[in-house]
Amino acid sequence: MNPQTTQVDDLRLVALPTAVNCADMFVRFALTEWSLRQLQDEASHVACELVHAVVQQSDSKVPGFITLRLRLHGDALVIEVEDASLLPPVVPETLTGRKTGSMSLQGGGNLMWCEMGLPTGMNASAVPLPRRERRKPPASAGGSEPEPADVDDEFFERLLSKLNRSPEPPPGSGPHGLR
1 MNPQTTQVDD LRLVALPTAV NCADMFVRFA LTEWSLRQLQ DEASHVACEL VHAVVQQSDS
61 KVPGFITLRL RLHGDALVIE VEDASLLPPV VPETLTGRKT GSMSLQGGGN LMWCEMGLPT
121 GMNASAVPLP RRERRKPPAS AGGSEPEPAD VDDEFFERLL SKLNRSPEPP PGSGPHGLR
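Position 6, counted from 1, in the sequence shown is what the UniProt record's numbering calls 6; the numbers after and before it change by one each time, with no gaps.
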């Protein structure tokens, strides 16, 4: 982690078409946790484009792993996608005009990234860390009835719906089926 990095979160995915939907959900969740909802659409688009580029280049019969990483540092959100491909990384043309880059990693693999500015007047150290509630330890097996789980059925329905979305692009939705 870069010494200037204030927060980081990552997700390891298999380089299959479903990784694009998972990338979208991961970015939206992380940015909600970091109180950066205003960046969700743009950041999700960038992450999906980077992940899609890696998936397109990978062998679907023997897919490798992808690591999608979000980093807050300075006045920027950096979206990184790391893979183990032997082919050189190619930043998607759809991200032309943005602050992007790519490199082959020592020891194998590639890294592509795109840097997005944080909202005016905000820097990484001002972004609040997510707050987690302490969970009660599980009751001992002493006959007490367990408390019901705090589950949001609607969330799981949305999650399953997004995971089951067809990887086929809807008509007129852009070069990679991404909006």
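Ideal placement from N, C-alpha and C gives every residue a C-beta, glycine not left out.
For the 9 angstroms CB-CB criterion, Val91 and Leu39 do not form a contact. Under DSSP, Gln7 forms a beta bridge with Leu72. Classified as exposed, Asp153 has fewer than 16 neighbouring CB atoms from the shown chains inside 10 Å of its CB.
Beta-bridge partners of Arg12 (DSSP): Thr67. The beta-bridge partner set that DSSP reports for Val78 consists of Arg71, Glu115. Separation of Asn21 and Met103 (C-alpha to C-alpha, rounded to the nearest whole angstrom) is 25 angstroms.
Excluding five sequence positions before and after His45, none of the CB atoms of its chain fall closer than 6 angstroms to its own CB. Between Met25 and Leu159, the CB-CB gap stays under 9 angstroms.
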